[in-house]
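Participant: Letter by letter, the sequence shown follows residues 1 to 127 of the UniProt record's numbering. The following block contains the structure, expressed as structure tokens.
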Amino acid sequence: MYPEDLKYTAEHEWVKAGDGGPVRVGITDFAQDALGDIVYVQLPEVGAAVRAGDACGELESTKSVSDLFAPVNGTVTAVNESLADQPDLVNTDPYGEGWLLDIQVDDDEEVAALMDADTYKGQLDQS
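Following this line, the structure appears as structure tokens:
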């Protein structure tokens with residue numbers, strides 16, 4: 001349910017490290033389940049600078065609207081264009097086709113500092 005090769009944030013985003021290239025970002029299975037059926041996704045523009053912890057987009061579901069927080073500092077290099085027509089991909093495949101954006105990270109140490117899968121699961125168990 002929480003792939004071991006990803007890093008996680010307290011805000012329920014996942015990050016897949018690239019080999020010196022951009023990292024891929026999405027929301028966890030826990031987050032998509034808590035949100036319910038996602039009907040609209042607003043993502044930042046390619047080229048936008050994002051700051052770790054700052055809102056950089058929104059996910060609208062049948063239940064509510066939730067902010068998407070940048071997990072790291074960097075520049076957006078790609079967004080998942082498929083979500084414009086198929087926002088439900090975030091629900092059906094949160095770690096695959098439901099990815100949200102790619103960020104060229106300013107400092108790779110930021111990615112290393114994020115939670116591993118076991119730590120993230122432990123956080124969920126405590127809440």
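In this text, a Cβ means the ideal position worked out from N, Cα and C, and glycines have one as well.
Considering Cα atoms alone, identify which of G96, V23, K63, C56 is closest to E11.
Facilitator: Within the sequence shown, the letter at position 11 stands for residue 11. It is C56 whose Cα lies nearest to the Cα of E11.
Participant: By the three-class DSSP mapping on this structure, what secondary structure does D116 have?
Facilitator: Against the sequence shown, residue 116 aligns to sequence position 116. Here D116 sits in coil by DSSP.
Participant: In three-state terms, what does DSSP make of E13?
Facilitator: Stepping through the sequence shown from its first residue, residue 13 is reached at position 13. Strand at E13.
Participant: Starting from T92, trace the alpha helix (DSSP H) in both directions and tell me its first and last residue.
Facilitator: Residue mapping note: residue 92 aligns to position 92 of the sequence shown, counting from 1. Element bounds for T92: 89 to 92.
Participant: Is A52 helix, strand or coil by DSSP?
Facilitator: Within the sequence shown, numbered from 1, the residue matching residue 52 stands at position 52. Correct three-state label for A52: coil.
Participant: In the DSSP assignment, the beta strand (DSSP E) including A84 goes from what residue to what residue?
Facilitator: On the sequence shown, position 84 is the one that residue 84 refers to. It is not in any beta strand (DSSP E) - A84 carries neither H nor E in the DSSP assignment.
Participant: Can you find the residues in the same chain that come closer than 7 Å, C-beta to C-beta, to residue 128, ignoring five residues on each side of it along the sequence?
Facilitator: Any answer about residue 128 is impossible in this case: the structure gives the chain only from 1 up to 127.
Participant: I'd like the list of long-range same chain contacts for D67, defined as Cβ closer than 7 Å, with 5 residues on each side in sequence excluded.
Facilitator: Translated into the one-based positions of the sequence shown, residue 67 becomes position 67. Here the set comprises A55, E58.
Participant: Considering only the alpha carbon of each residue, which of A70, L100, G74 lies closest to E81?
Facilitator: Walking along the sequence shown from the start, residue 81 turns up at place 81. The shortest C-alpha separation from E81 is found at L100.
Participant: Around the C-beta of L114, are 16 or more other C-beta atoms found within 10 angstroms, so that it is buried, or is it exposed?
Facilitator: Start at 1 with the first residue of the sequence shown, and residue 114 comes out as number 114. So L114 ends up on the buried side.
Participant: Near residue 144, which residues of its chain fall below 7 Å by C-beta distance, leaving aside the five closest residues on each side in sequence?
Facilitator: In the structure as shown, the chain starts at 1 and stops at 127, and residue 144 therefore has no counterpart that could be examined.
Participant: Determine which residues share a DSSP beta bridge with Y40 and list them.
Facilitator: By 1-based counting over the sequence shown, the position of residue 40 is 40. In DSSP, Y40 forms a bridge with E60.
Participant: Using the Cβ count rule (16 or more neighbours within 10 Å means buried), how would you classify D85?
Facilitator: If you number the sequence shown from 1, residue 85 lands on position 85. Burial call: exposed.
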